[in-house]
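Chains as they are written, first to last, in the numbering used here: chain A, 6 to 358; chain B, 13 to 282.
C-beta: ideal position from N, C-alpha, C; glycine also.
Here is the structure we will look at, set down as structure tokens.
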């Protein structure tokens with residue numbers, strides 16, 4: 006039983022201990038504050054929850070943070086509940102971006118965020134509907150990205166040791182899209198097309214619109230030692246990439262898909278395509294028959310592939326136009342048959358502006 | 013004459029004119045005779061212990077006499093390149109004497125297309141028609157075969173990973189196909205068709221149709237193909253057509269975009 010006297014003594018010794026601790030802390034603090042060696046400020050964090058306009062969480066999407074001083078990029082991925090955490094940043098000013106998600110959510114940007122040492126900035130992000138206005142079922146890319154977010158494993162290999170790129174892939178837009186530098190006439194035409202909302206684009210007439218492969222669409226790769234076949238839900242639905250060392254034919258007549266050959270540079274498949282006609286659109290840009298496309302496919306692991314597309318066309322662009330994408334595996338999904346001209350009732354409504 | 017128009021609708025959509033580009037590339041895997049020509053009688057190539065069906069294949073075509081018998085004396089006035097077409101593209105029941113076809117009376121071909129869009133020359137051709145009228149390219153991979161068409165497509169996928177046909181497939185032009193090896197014969201089952209006609213004569217197909225194909229690569233240059241069709245709604249019993257496909261060696265199929273500069277539709281009878 007603690008008597009009053011014991012209590013008093015206990016308190017006194019507590020106080021003594023507290024006083025001693027305070028003294029030590031002060032000394033330590035002083036030492037640190039005046040230390041000649043580099044001091045480490047506690048890192049800063051940002052966290053929050055990302056939701057769509059229906060207030061639903063958006064899982065499995067990337068969040069990017071750029072140090073405006075050094076240019077260093079930090080990336081996180083939202084959890085199943087839509088929450089993200091970016092940590093380890095030095096105090097400073099940052100620009101945050103959430104890339105567009107499929108056709109469903111617009112890109113989000115917030116610049117000039119000030120992060121202070123040791124603080125966690127709370128930033129909840131309400132995304133905005135993109136072109137499809139959130140129409141349920143219109144865009145599988147969010148659903149598939151979330152469904153297969155836990156896909157894990159090493160890169161599968163062919164019998165000869167080369168990476169096997171086979172699979173159904175859920176594509177994405179470039180996380181940080183760059184507009185190309187185009188010749189004046191080409192730039193003007195692209196601007197006109199954009200303002201008219203892509204009136205008369207090839208895809209409104211069921212003409213091929215999937216070469217090179219870009220955008221949040223499904224791509225299926227079927228790889229054999231001598232040939233890589235790419236299947237997609239558009240016309241003509243299939244593309245052949247020859248892996249047998251052949252060169253481009255000399256007397257090739259221009260086509261929509263061109264002629265593609267692939268070769269391995271280490272574990273990256275480099276695909277070169279020439280022989281295009283001048284009828285397709287690259288985004289809103291026209292191109293000439295001089296178009297030369299270089300694709301680089303690097304499968305990082307079972308579920309992820311870096312895909313880079315470079316478009317060169319001296320008749321259209323001042324410099325090569327580079328698009329960087331990350332494709333996510335969607336195993337267990339299948340391509341659907343795509344017959345654009347059947348019961349095509351959209352075309353009368355696609356009048357643009 | 014109605015039937016005539018339908019044949020025109022069906023066949024005029026097909027590309028390759030004689031002056032289109034021809035793709036020749038001497039493939040390393042092609043077995044050759046002493047003078048360097050492809051050896052079409054060499055043994056069939058193999059992949060993982062099974063025959064490799066990969067290659068560009070065409071139906072053998074028919075003689076002038078056979079076309080006249082099938083289409084009447086003015087059949088060849090159509091001036092269509094039918095070198096690569098099998099009689100079964102025009103009439104899947106060509107083997108039957110008139111009056112003995114296993115066709116239910118209520119299912120006789122409708123002379124006039126029921127839907128205006130049936131005159132759309134760019135709609136797909138379905139199975140087995142695609143392989144009977146245009147070159148096809150078979151690409152064999154470990155867990156599936158992909159079949160490309162030089163016609164209107166679309167492509168087919170034949171899954172060989174052991175899966176079964178889906179219980180309730182979405183109807184499509186090419187159906188859903190799974191394949192299994194029985195010895196050296198690939199047996200392909202396809203279901204989930206929409207009601208696309210079977211041939212130029214518009215013999216009907218219901219969504220209940222099932223098709224079994226048996227592919228046997230006899231040697232490097234020849235593939236025996238038996239196609240059995242089962243559709244109790246329209247036919248009194250299953251029936252089978254047999255075709256031997258010929259390899260087009262060291263070649264490839266060409267791109268064909270039917271809707272590109274498509275100007276025929278406005279001229280066709282509706």
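How would you write the range of the beta strand (DSSP E) that residue 193 of chain A sits in, first residue to last?
-> Careful: residue 193 of chain A lies outside any beta strand (DSSP E), inside the alpha helix (DSSP H) at 189-200.
For chain B, is any of its Cβ atoms less than 8 Å away from the one on residue 277 of chain A?
-> no
Three-pair Cβ contact test at 8 Å for the stretch 87-100 of chain A versus the stretch 174-183 of chain A | no
For residue 123 of chain A, collect the residues of the same chain with a Cβ closer than 6 Å to its Cβ; drop the 5 residues on either side in sequence, then sort them by chain order.
-> 47
Does the beta carbon of residue 186 of chain B come closer than 8 Å to any beta carbon on chain A?
-> yes
Where residue 285 of chain A and residue 294 of chain A are concerned, what is the direct C-alpha to C-alpha distance, given to the nearest angstrom?
-> 10 Å
Contacts of residue 160 of chain B in chain A (Cβ-Cβ under 7 Å) = 243
Is it the case that the Cβ atoms of residue 274 of chain A and residue 302 of chain A are separated by a distance below 8 Å?
-> yes
Residue 265 of chain B and residue 133 of chain B closer than 8 Å at C-beta | no
Can you list, in chain order, the residues of its chain whose CB lies under 6 Å from that of residue 91 of chain A, leaving out five sequence neighbours each side?
-> 51, 70, 79, 81
Reference residue 225 of chain A, options B:83, B:242, B:167, B:71, closest by Cα = B:167
Under the three-state reduction of DSSP, which class applies to residue 147 of chain A: helix, strand or coil?
-> helix
Grab the span of the alpha helix (DSSP H) containing residue 80 of chain B for me, first residue to last.
-> 76-83
Run through DSSP, which three-state label would residue 115 of chain A get?
-> strand
Residue 212 of chain A and residue 242 of chain B closer than 8 Å at C-beta = no
Examine chain A for any beta-carbon lying closer than 8 Å to the beta-carbon of residue 259 of chain B, and answer yes or no.
-> no
Is the number of C-beta pairs between the stretch 130-141 of chain A and the stretch 103-117 of chain A that are closer than 8 Å three or more?
-> yes
Would you kindly work out how many angstroms separate the C-alpha atoms of residue 320 of chain A and residue 189 of chain B, rounded to a whole number?
-> 45 Å
Sequence-distant residues of its chain with Cβ nearer than 7 Å to residue 44 of chain B (five each side left out) = 50, 51
Rounded C-alpha distance that separates residue 57 of chain B from residue 232 of chain B = 7 Å
Nearest CA to the CA of residue 70 of chain B: which residue from B:83, B:163, B:117?
-> B:163
Taking the runs of the beta strand (DSSP E) that are 3 residues or longer, which of them lie wholly in the stretch 138-163 of chain B?
-> 148-152, 156-161
In chain B, which residues lie less than 7 Å from residue 210 of chain A when you measure between Cβ atoms?
-> 271
Does the stretch 227-234 of chain A touch the stretch 243-252 of chain A, meaning 3 or more C-beta pairs lie closer than 8 Å?
-> yes
Start and end residues, alpha helix (DSSP H) containing residue 99 of chain B | 99-102
Distance between residue 157 of chain B and residue 270 of chain A (C-alpha atoms, nearest Å) | 27 Å
Which residue from A:243, A:240, A:265, A:280 puts its Cα closest to that of residue 259 of chain A?
-> A:280
Listed in chain order, which residues of the stretch 245-273 of chain A have Cβ atoms closer than 8 Å to some Cβ of chain B?
-> 245, 249, 251, 254, 256, 257, 258, 260, 261, 262
What separation, rounded to the nearest whole angstrom, lies between the Cα atoms of residue 120 of chain A and residue 126 of chain A?
-> 7 Å
Would you call the CB atoms of residue 144 of chain B and residue 68 of chain B closer than 8 Å?
-> no
With residue 6 of chain B as the anchor, note down where its beta strand (DSSP E) starts and where it stops.
-> The structure shown does not extend to residue 6 of chain B, since chain B is modelled only from 13 to 282, so the question has no answer here.
Contacts around residue 115 of chain A, its chain only, beta-carbon distance under 6 Å, and the 5 residues preceding and following it disregarded = 101
At what residue ranges does the stretch 173-215 of chain B contain a whole run of the beta strand (DSSP E), taking only runs of 3 or more?
-> 188-194, 197-203
For residue 206 of chain A, which three-state DSSP category applies?
-> coil
Is the CB-CB distance between residue 129 of chain A and residue 54 of chain A below 8 Å?
-> yes
Please classify residue 357 of chain A: is it buried, with 16 or more other beta-carbons within 10 angstroms of its beta-carbon, or exposed?
-> exposed
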